[in-house]
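In this note's numbering, each residue's number is its place in the sequence shown (first place is 1) plus 46. Glycine is no exception: its CB is placed at the ideal position from the N, C-alpha and C atoms.
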Amino acid sequence: MASLPLFYHNHPLQVHDTVQMDEDTARHIVQVLRMQVGELLQLTNGNGDVADAIISDAAKKKCAVTISKVTHHAPAKHKLHLAVAFTKNTSRNEWLLEKATELGVASIIPLIVTRSEKEKIREDRWTGILIAAMMQSQQYYLPILTAPQKLTSVIDSYKDVPQKLIGHCIDTLPRIMLTKAMLAAQETIVLIGPEGDFTQEEVEQCVLQGYTGITMASQRLRTETAAMNVCAYFNTINNEYR
Numbered sequence: 047m048a049s050l051p052l053f054y055h056n057h058p059l060q061v062h063d064t065v066q067m068d069e070d071t072a073r074h075i076v077q078v079l080r081m082q083v084g085e086l087l088q089l090t091n092g093n094g095d096v097a098d099a100i101i102s103d104a105a106k107k108k109c110a111v112t113i114s115k116v117t118h119h120a121p122a123k124h125k126l127h128l129a130v131a132f133t134k135n136t137s138r139n140e141w142l143l144e145k146a147t148e149l150g151v152a153s154i155i156p157l158i159v160t161r162s163e164k165e166k167i168r169e170d171r172w173t174g175i176l177i178a179a180m181m182q183s184q185q186y187y188l189p190i191l192t193a194p195q196k197l198t199s200v201i202d203s204y205k206d207v208p209q210k211l212i213g214h215c216i217d218t219l220p221r222i223m224l225t226k227a228m229l230a231a232q233e234t235i236v237l238i239g240p241e242g243d244f245t246q247e248e249v250e251q252c253v254l255q256g257y258t259g260i261t262m263a264s265q266r267l268r269t270e271t272a273a274m275n276v277c278a279y280f281n282t283i284n285n286e287y288r
């Protein structure tokens, strides 16, 4: 049986409630999908709750649904926090946001380091990309997109995460292959630097705080490629623990 269309509703979901969808979502349901009164769909609030609902009103720019059932899905047992120094290339940044969400990342932290590019964080647009990717991949948890943070702040905020990794390209500092350094079944934070890489001082600072330096390939990877490599590998080795 094909899965029901899934839509985002950023509010508590309760049985018997009637929900008015926002105009853009209503237009998509009624005009694009051509759904009608009596048809079924699902809602998620991005916090693990999924509601079965039936369309009770449908007009050109208006759609209401009545919730018949709510199910809570437990989060993944092990989370990946991705701290990345975004580039100035908007399309590449947005591609990374989309694909990281599809691969189940728990949080995305725009990282500010010495060689960071001054990319403007478009919070509303970026959140919209995360929502669309969550729904497309049929997931029920929306990744947390934090405000940009300096390296010292990230180190402090995630100090209790058991597995801490930093990707860098400095040959004179120790590095381990990602496939050997990253262990399954552990909450993990990975730092991905800018295209100019972390400075040696930044890597050494992280190592002193328990981070393990990692390398991913013999090639030099772009920022978003390195980040995607991390997300894909974490997803693969933790699949059996979900």
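Span of the alpha helix (DSSP H) around Leu-87: No alpha helix (DSSP H) contains Leu-87, which is instead part of the beta strand (DSSP E) from 86-90.
Residue range of the alpha helix (DSSP H) that includes Asp-217: Unbroken run through Asp-217: none, as it is neither H nor E.
Local conformation of Gly-150 per DSSP, three classes: coil
Reference Lys-123; option with closest CA among Thr-112, Lys-106, Ala-152, Ser-137: Ala-152
Cβ neighbour criterion (16 or more within 10 Å) applied to Glu-248: buried
Sheet register partners of Ala-193 (DSSP bridge): None, per the DSSP bridge assignment.
C-beta atoms of Ile-113 and Val-76 nearer than 8 Å: no
DSSP three-state assignment for Ser-137, whether helix, strand or coil: helix
Cα-Cα separation, Glu-250 to Asp-95: 42 Å
Residues bridged to His-119 (per DSSP): BP columns for His-119 are empty, so no partner.
Backbone secondary structure at Gly-213 - three-state DSSP: strand
Minimum C-alpha distance to Ile-100 - residue among Met-228, Phe-280, Gly-84: Gly-84
Sufficient close CB pairs (3 or more, under 8 Å) joining the region 117-135 to the region 263-280: yes
Lys-196 beta carbon less than 8 Å from that of Ile-167: no
Beta-carbon gap between Leu-193 and Ile-238 smaller than 8 Å: First, the amino acid is wrong: residue 193 is Ala here, not Leu. Result no, Cβ atoms of Ala-193 and Ile-238 do not sit closer than 8 Å.
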